[in-house]
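Numbering (our numbering), first residue to last: 540 to 699.
Cβ atoms here follow ideal geometry from the backbone N, Cα and C, with glycine treated the same way.
What follows is a short report on a single structure.
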Amino acid sequence: HAIHCIFKRLSVSSIQNPQFGMCCLQGQVSLPPFPQWPPKLQQAYIDRTFISKIQQYNSALAFTSIGVNIEDRALQDFGPNTFHIHGSLHHLMGSLIPPDGVQPSYAQLYIYNDSDEATNIRATRPRNEGLDRCILGDLHDMLYRNHFYAPLYKQAYQVI
């Protein structure tokens, strides 16, 4: 079921059995349930330490990066971390193979046969300090098996 503001329900429906008309053709469209999460992700998701660093894990395993200019007035001492986007948002994606002497990052890390090597590279980055190497490795493997683009990067690398 979609999550809605209860007060936006159709006037012919009740609070106990709300129906909404702005989407799903008033309940006529039924979406299939989400597929089961991979077991290692389910396990990590109930770990408080993982949850407290979930944004850090997400950034460590990203395929692309985002470049932003942060304005001081957007910074706050309270509430969630936010930044304001003006205009368009672009993801930065480097070449498939890093320049000589430069460690691979982002999508470049998905071309390795050995996830331990990719995990070691990620774990040694200062911004990833405190992340669990086992969880990083498990998540890398999970993404490699389940993310549409991971095998494409590997295949492109093999063609080059």
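An exposed status is given to Ile699, since fewer than 16 other beta-carbon atoms sit within 10 Å of its beta-carbon.
Assignment of Ser553 by DSSP, reduced to helix, strand and coil, places it in the coil class. In its chain, beyond the 5 residues on either side, Lys592 and Gln595 have a beta carbon closer than 8 Å to the beta carbon of Gly669. Below 8 Å, too few C-beta pairs join the region 664–679 and the region 625–635 to call them touching: fewer than three. Closest option to Tyr649, judged by alpha-carbon separation, among Gly640, Tyr584 and Ala599: Ala599. In the DSSP secondary-structure assignment, Ile605 is bridged to His630. Distance from the Cα of Tyr645 is smallest, within the candidate group Arg661, Ile590 and Asp639, for Arg661. DSSP, reduced to helix, strand and coil, places Pro638 outside both helices and strands of the structure shown, so it counts as coil. The beta carbon of Leu549 sits closer than 6 Å to the beta carbons of Gln558 and Gly560 from its chain, once the five residues preceding and following it are set aside; these are given in chain order.
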